[in-house]
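Read top to bottom, the protein sequences are chains A and B.
Numbering (our numbering) for the first sequence: 84 to 197.
Numbering (our numbering) for the second sequence: 162 to 274.
Report on one structure; see the data block that follows.
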Amino acid sequence: EAAVTQSPRNKVAVTGGKVTLSCNQTNNHNNMYWYRQDTGHGLRLIHYSYGAGSTEKGDIPDGYKASRPSQENFSLILELATPSQTSVYFCASGVGLGNYAEQFFGPGTRLTVL
Amino acid sequence: GDSVTQTEGLVTLTEGLPVMLNCTYQTIYSNPFLFWYVQHLNESPRLLLKSFTDNKRTEHQGFHATLHKSSSSFHLQKSSAQLSDSALYYCALSENSGTYQRFGTGTKLQVVP
Numbered sequence: 084e085a086a087v088t089q090s091p092r093n094k095v096a097v098t099g100g101k102v103t104l105s106c107n108q109t110n111n112h113n114n115m116y117w118y119r120q121d122t123g124h125g126l127r128l129i130h131y132s133y134g135a136g137s138t139e140k141g142d143i144p145d146g147y148k149a150s151r152p153s154q155e156n157f158s159l160i161l162e163l164a165t166p167s168q169t170s171v172y173f174c175a176s177g178v179g180l181g182n183y184a185e186q187f188f189g190p191g192t193r194l195t196v197l
Numbered sequence: 162g163d164s165v166t167q168t169e170g171l172v173t174l175t176e177g178l179p180v181m182l183n184c185t186y187q188t189i190y191s192n193p194f195l196f197w198y199v200q201h202l203n204e205s206p207r208l209l210l211k212s213f214t215d216n217k218r219t220e221h222q223g224f225h226a227t228l229h230k231s232s233s234s235f236h237l238q239k240s241s242a243q244l245s246d247s248a249l250y251y252c253a254l255s256e257n258s259g260t261y262q263r264f265g266t267g268t269k270l271q272v273v274p
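Now the structure itself:
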């Protein structure tokens, strides 16, 4: 069974503060992803990674950084959090190739920026 | 760039009636992969079904969809809605290599007695 975990599950931050969201996967998948989920917008891709040491910008990268120090770990960093970044954040790992294409999502992190 | 359109934000159905959730897409790739993910309340999205074969019906857990490249569509259907089908449904698109998936805005399905 695929396993993606996220921490923290809930976070309240202050405007201008630094926030780090962590993701760990035990699937040995090369690809990892960070999304935010907002009503009316669906799942929007923030950053993704093809493997340790790589990060790529997704569709809405502004205000976010990502770090992939190992195959298992992928972090999302908000250097200066703003209220507009209040959202639910999902991490996913995935196999992209052919018939095996699928993404496995973590449980999500609810972030509130006050 | 690629895009996925789900025109219905909310679909409310009576239990036992057929389900059809619309998904259309735009892409420059000739061999796109299309996916449906389902997200129940307080859970994370999980894959429901996927396809990359034109005009072939794919089925899973009572749902089915057919990729039609001629109309760029991948509508999700079920013959008879159940209360447990109430959830948020996402259509997603990937290019052939599957590096990342682009999601639609989602359709919330509410099945009522």
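Don't be surprised by glycine CBs; every beta carbon is placed ideally from N, CA and C.
Bear in mind the structure is a predicted one, so any value in this text is a computation, not a measurement.
Cβ of residue i within 8 Å of any chain B Cβ
{"i": "Q168(A)", "result": "no"}
{"i": "P190(A)", "result": "yes"}
{"i": "E185(A)", "result": "yes"}
{"i": "G125(A)", "result": "yes"}
{"i": "F157(A)", "result": "no"}
{"i": "L104(A)", "result": "no"}
{"i": "N114(A)", "result": "yes"}
Through-space distance from residue j to residue i, alpha-carbon basis
{"i": "S158(A)", "j": "T266(B)", "result": "24 Å"}
{"i": "P193(B)", "j": "R207(B)", "result": "20 Å"}
{"i": "T192(A)", "j": "T169(A)", "result": "10 Å"}
{"i": "L228(B)", "j": "T195(A)", "result": "39 Å"}
{"i": "C184(B)", "j": "A175(A)", "result": "22 Å"}
{"i": "L202(B)", "j": "T214(B)", "result": "31 Å"}
{"i": "R127(A)", "j": "V171(A)", "result": "11 Å"}
{"i": "V87(A)", "j": "F188(A)", "result": "6 Å"}
{"i": "G123(A)", "j": "V165(B)", "result": "13 Å"}
{"i": "T240(B)", "j": "E204(B)", "result": "One detail in the question is off: residue 240(B) reads as Ser in this sequence, not Thr. Taking the straight line from one Cα to the other gives about 25 Å."}
{"i": "A242(B)", "j": "A164(A)", "result": "42 Å"}
{"i": "V199(B)", "j": "C252(B)", "result": "9 Å"}
{"i": "E176(B)", "j": "T138(A)", "result": "45 Å"}
Cβ neighbours of residue i in the same chain (closer than 8 Å, five flanking residues each side left out)
{"i": "L197(A)", "result": "V95, A96, V97, T98, P166"}
{"i": "K101(A)", "result": "I160, L161, E162, L163, A164"}
Neighbour flag for residue i against chain A, beta carbons, 8 Å
{"i": "T219(B)", "result": "no"}
{"i": "L208(B)", "result": "yes"}
{"i": "T260(B)", "result": "yes"}
{"i": "S205(B)", "result": "yes"}
Same chain only: Cβ atoms within 7 Å of residue i, ignoring 5 sequence neighbours per side
{"i": "N113(A)", "result": "Y133, G134"}
Boundaries of the beta strand (DSSP E) in which residue i is found, first to last residue
{"i": "F224(B)", "result": "224–227"}
{"i": "H221(B)", "result": "218–221"}
{"i": "V171(A)", "result": "170–178"}
{"i": "R151(A)", "result": "From DSSP, R151(A) is part of no beta strand (DSSP E); its letter is neither H nor E."}
Supposed contact pair residue j and residue i - C-beta distance, whole angstroms, cut 8 Å
{"i": "Q262(B)", "j": "L254(B)", "result": "7 Å"}
{"i": "F173(A)", "j": "Q108(A)", "result": "Wrong, their Cβ atoms sit about 12 Å apart, outside the cutoff."}
{"i": "K217(B)", "j": "L195(B)", "result": "So it is not a contact: roughly 11 Å between Cβ atoms."}
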